[in-house]
Amino acid sequence: MITSKRNVSAYDGLPLDGGNRKIPNGPLFEPERVLRLVRDEALTVWARGAIEDAAKWEMDIPALCQLVGKAVMQGRYIGSEWCVQKPNGPWAASDAYKVTISEWNPCARRELDVTWYVKFSIAQTGSVLLSVSNHPEGC
């Protein structure tokens, strides 16, 4: 176990030594619990990658909550893994989903399907979602 690392997620444990960040037997967080936090817009853009994603794709908290909600309700769970906030920062056990959403594309002047990858955790307090990653496929 990595004892110098701090887990800020509601999932017990710490990442194992050796670089394998995968967590078996997920999803870690019950959909009802996630959707309750989404409904309350209780989400913080937590990881460095999520901050960059939200800025790049111009997504505010309501938009991110909507994306997480759609991922959990309509998407496909693709795995769970340990994620670090920033180099030498705290860790969070996170669930990853893939969801395809029809979105208006002004260049094409029509709706196009966009597949999003969404990764999130629930904080130790249980009262907030931690956004880890949120980006379209291939970006």
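Residue 1 is where the sequence shown starts when you use full-length UniProt numbering, and the numbers rise one by one after that. Even glycine gets a Cβ: it sits at the ideal position worked out from N, Cα and C. Keep in mind that this is a model prediction, so the values were computed, not measured.
Query: Backbone secondary structure at Arg110 - three-state DSSP; Result: strand
Query: Among Leu130, Asp17, Gln85, Ala93, the one whose alpha carbon lies nearest that of Tyr11; Result: Ala93
Query: Runs of alpha helix (DSSP H) lying entirely within the stretch 35-118, each at least 4 residues, in chain order; Result: 48-56, 61-74
Query: Straight-line Cα distance separating Arg76 from Met59; Result: 21 Å
Query: Under 8 Å between C-beta atoms of Val118 and Pro136; Result: no
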